[in-house]
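Sequential numbering of the sequence shown, starting at 733, is according to the numbering used here.
Worksheet for the structure shown next.
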Amino acid sequence: MRTINLIVVHCSANKAGCTIRMADIDRYHRSLGWRGCGYHYVIPTDSAIERGRSETQIGAHCKNHNNHSIGVAYVGGLAVDGKTPCDTRTEAQKSALKRLLSELHKRYPKALIVGHSDLDPHKPFCPGFDVVREYRGQEP
Numbered sequence: 733m734r735t736i737n738l739i740v741v742h743c744s745a746n747k748a749g750c751t752i753r754m755a756d757i758d759r760y761h762r763s764l765g766w767r768g769c770g771y772h773y774v775i776p777t778d779s780a781i782e783r784g785r786s787e788t789q790i791g792a793h794c795k796n797h798n799n800h801s802i803g804v805a806y807v808g809g810l811a812v813d814g815k816t817p818c819d820t821r822t823e824a825q826k827s828a829l830k831r832l833l834s835e836l837h838k839r840y841p842k843a844l845i846v847g848h849s850d851l852d853p854h855k856p857f858c859p860g861f862d863v864v865r866e867y868r869g870q871e872p
């Protein structure tokens with residue numbers, strides 16, 4: 733069993749309103765030669781919580797941190813121009829993300845909830861909002 737000490741939140745880097753789903757991300761990641769979707773969970777704009785990789789599998793979402801983390805991504809993260817980074821989460825996505833993070837934190841109570849940008853200086857705009865500040869005090 734893997735030791736999980738991080739729950740890492742990402743955006744998919746798609747423009748606001750994009751309707752892709754986990755299966756689309758899975759196909760894209762496979763086209764890169766990966767074993768499938770690099771995230772453990774994906775939250776599309778309709779707020780469904782879709783499972784990517786099994787939590788027992790190492791993800792492919794945050795260099796140097798995949799072995800000990802769970803990766804969660806919401807679909808979006810870019811303005812409608814498809815270039816400008818921003819928080820594009822719908823209210824439904826925000827609610828689903830909060831619910832999922834709470835469930836994950838109950839399973840992994842010692843895990844820190846962070847954004848991709850907190851761990852990788854090459855990804856300063858992922859996920860488009862300050863995860864640590866938004867979820868501080870949300871742990872069970």
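Ideal Cβ positions, reconstructed from N, Cα and C, are used throughout, including at glycine.
Small disclaimer: the values here were computed from a predicted structure and weren't measured.
Spatial distance of residue i from residue j (CA atoms)
i           : j           : result
residue 872 : residue 830 : Bear in mind that the predicted position of residue 872 carries a pLDDT of just 44, short of 50, making it too unreliable to give a figure here.
residue 822 : residue 785 : 24 Å
residue 752 : residue 824 : 16 Å
residue 897 : residue 843 : Nothing can be reported for residue 897, as the shown portion of the chain is limited to 733 through 872.
residue 815 : residue 855 : 14 Å
residue 797 : residue 817 : 23 Å
residue 764 : residue 838 : 33 Å
residue 743 : residue 813 : 16 Å
Minimum C-alpha distance to residue i - residue among the options
i           : options               : result
residue 781 : 799, 738 and 755      : 755
residue 769 : 775, 776, 759 and 777 : 759
residue 806 : 815, 783, 787 and 788 : 783
residue 853 : 813, 838, 795 and 764 : 795
residue 773 : 788, 765, 865 and 764 : 788
residue 826 : 776, 766, 762 and 750 : 776
Sequence-distant residues of its chain with Cβ nearer than 6 Å to residue i (five each side left out)
i           : result
residue 847 : 741, 859 and 863
residue 849 : 855, 856 and 858
Rounded Cβ spacing between residue i and residue j (contact assumed at less than 8 Å)
i           : j           : result
residue 745 : residue 779 : Rounded, the Cβ-Cβ distance is 19 Å, inconsistent with contact.
residue 771 : residue 757 : 7 Å
residue 792 : residue 748 : Not a contact, Cβ separation roughly 25 Å.
residue 802 : residue 836 : 6 Å
residue 867 : residue 833 : 6 Å
Same chain, Cβ closer than 8 Å to residue i, neighbours up to 5 away in sequence not counted
i           : result
residue 799 : 734 and 790
residue 737 : 800, 801, 840, 842, 843 and 844
Bridge partner(s) assigned by DSSP for residue i
i           : result
residue 742 : 805
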